[in-house]
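What follows is one structure encoded as structure tokens, with my remarks underneath.
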Amino acid sequence: MHDRDHQGGNLPLGGGEPMRVAVVRRDGGPDAPAVDAAALLADAGGKVRDRGDLVYYNQPEHAGSAVRLLGSAQGEGGVTADWLEIDPGRVEPSVERIVVAASCDGGTFGEVEDLCLQPAELNAVSFWLRHR
Numbered sequence: 211m212h213d214r215d216h217q218g219g220n221l222p223l224g225g226g227e228p229m230r231v232a233v234v235r236r237d238g239g240p241d242a243p244a245v246d247a248a249a250l251l252a253d254a255g256g257k258v259r260d261r262g263d264l265v266y267y268n269q270p271e272h273a274g275s276a277v278r279l280l281g282s283a284q285g286e287g288g289v290t291a292d293w294l295e296i297d298p299g300r301v302e303p304s305v306e307r308i309v310v311a312a313s314c315d316g317g318t319f320g321e322v323e324d325l326c327l328q329p330a331e332l333n334a335v336s337f338w339l340r341h342r
């Protein structure tokens with residue numbers, strides 16, 4: 211679907227500049243499972259320190275503003291993206307990794323068409339943000 215898709219794996223945060231990543235999928239119609247993006251900030255042991263380190267639809271911003279859920283955007287061809295912005299400069303030293311995840315309601319991930327993670331440069335996401 212996209213030339214920069216990632217399905218599982220690790221991505222570097224780069225040189226400390228904020229970046230955006232999207233949980234992307236194609237609309238499978240009214241019976242398709244609902245997908246919601248989330249992020250978890252974990253320590254060296256792989257554990258979330260407290261509720262402030264969870265980012266999802268009911269808590270769209272990390273306590274220290276390191277990660278924000280920007281919302282969903284519709285693209286061409288029935289593609290939907292839930293965008294997250296990650297600011298490495300705001301990540302506390304005790305956070306070892308940021309896990310971008312998703313939940314699936316009303317079915318399984320196997321029923322979600324073209325589900326993937328897409329990193330983007332900040333200047334490359336204007337199309338998606340215009341189509342909220």
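So for the sequence shown, our numbering puts the first residue at 211; every next one is plus one. C-beta atoms are modelled at their ideal positions from N, C-alpha and C, and glycine is treated no differently.
Host beta strand (DSSP E) of residue i (start-end)
i       : result
Thr-290 : 289-296
Val-234 : 229-236
Glu-323 : 323-330
Asp-246 : 244-252
Beta-carbon contacts of residue i that lie in its chain and below 7 Å, excluding the five residues immediately before and after
i       : result
Val-309 : Ala-249, Leu-250, Ala-252
Phe-237 : In the sequence under discussion, the amino acid at residue 237 is Asp, which differs from the Phe named in the question. Within the same chain, Asp-237 has close Cβ partners Gly-288, Thr-290.
Reference residue i, options the options, closest by Cα
i       : options                            : result
Val-233 : Arg-300, Thr-290, Asp-297          : Thr-290
Gly-276 : Phe-319, Arg-235, Arg-307          : The question names Gly, yet the displayed sequence has Ala at residue 276. Ranking the options by Cα distance to Ala-276, first place goes to Arg-307.
Gly-239 : Gly-281, Gly-287, Ser-282          : Gly-287
Arg-259 : Glu-302, Leu-327, Pro-329, Ser-313 : Glu-302
Arg-278 : Gln-284, Asp-315, Ser-304, Asp-297 : Asp-297
Glu-295 : Asp-237, Tyr-266, Arg-235, Gly-317 : Tyr-266
Ser-282 : Gly-226, His-272, Ala-312          : Ala-312
Gly-256 : Glu-271, Glu-323, Ser-304          : Ser-304
Pro-228 : Trp-293, Arg-235, Leu-264          : Trp-293
Phe-323 : Arg-235, Asp-241, Ala-247, Asn-220 : According to the sequence provided, residue 323 is Glu. The question's Phe does not apply to it. Ranking Arg-235, Asp-241, Ala-247, Asn-220 by Cα distance to Glu-323 puts Arg-235 first.
Gly-320 : Ala-330, Asn-220, Val-231, Val-245 : Val-245
Bridge-paired residues (DSSP) for residue i
i       : result
Leu-280 : DSSP, once it has assigned bridges, lists no residue as partnering Leu-280.
Val-265 : Ala-249
Arg-300 : Paired residue(s): none; Arg-300 is not in a bridge.
Ser-313 : Asp-246
Glu-271 : Arg-278
Val-258 : Ala-252
Spatial neighbours of residue i in its chain, beta-carbon cut-off 8 Å, leaving aside the 5 residues before and after
i       : result
Gly-274 : Gly-262, Arg-300, Val-301, Glu-302
Thr-318 : Pro-243
Glu-271 : Val-265, Val-277, Arg-278, Leu-279
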